[in-house]
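Counting in full-length UniProt numbering, the final residue of the sequence shown is number 165, and the numbers go up one at a time with none missing. Cβ atoms here follow ideal geometry from the backbone N, Cα and C, with glycine treated the same way. Working notes, structure below.
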Amino acid sequence: ARDDAAQDALANSRAHSRGLEDERGDLLDRVAGLEALIDARSKRHDVDLENVKRLNLAERDEADVKHEAIKKELADARRENDAGRKQAAEVAIEQVAARRGNDIRAEAHAAELLNLESTLLAAQRETKRQEAKNSAAAKSPWDDFEQQRKLEEKLKEQRDQNAKM
């Protein structure tokens, strides 16, 4: 009975030992599976990380290209703006010069008009003096009137020309 009990204990111990061995094997298999899963996930993570890095580099390169294009457009726009400002300044200078030229021509025409009016008045005075002198010579009054009318027409033409300018 002792032998049976010892053998039962030994059998129980061996069964227990086999159970523990099986449990240990199961745990080792599970650890190996988890390690394989960790390795697979790590590799996938590394691949994903490389893909993200590649995408980020591509996006950064694309952004750099866009940035350079925008910088170039901005520089071109600034040059065009500067050229436009320069052109506007030149046009303003030309307008001022044209106004000055018009003012100078207007002053010259005004001076010419005054000169013609002065000449007309002198001619009228001369006509009156001649008329008085020639009245004894039986000069027709229509002769002096005709001469004065011609001078007045000439003065009117000059005034019209000056008004047009």
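In this model, GLU21 and VAL52 are separated by some 45 angstroms (Cα to Cα). Within the same chain, no Cβ atom closer than 6 angstroms to the Cβ of ALA163 is found once the five residues on either side in sequence are excluded. Judged by their CB atoms, LEU114 and GLN158 are not nearer to each other than the 8 angstroms cut-off.
Two segments are said to touch when three or more pairs of C-beta atoms, one from each, lie closer than 8 angstroms; by this definition the region 143-155 touches the region 121-132.
Annotation note: the region 73-159 contains no uninterrupted beta strand (DSSP E) run of length 3 or greater.
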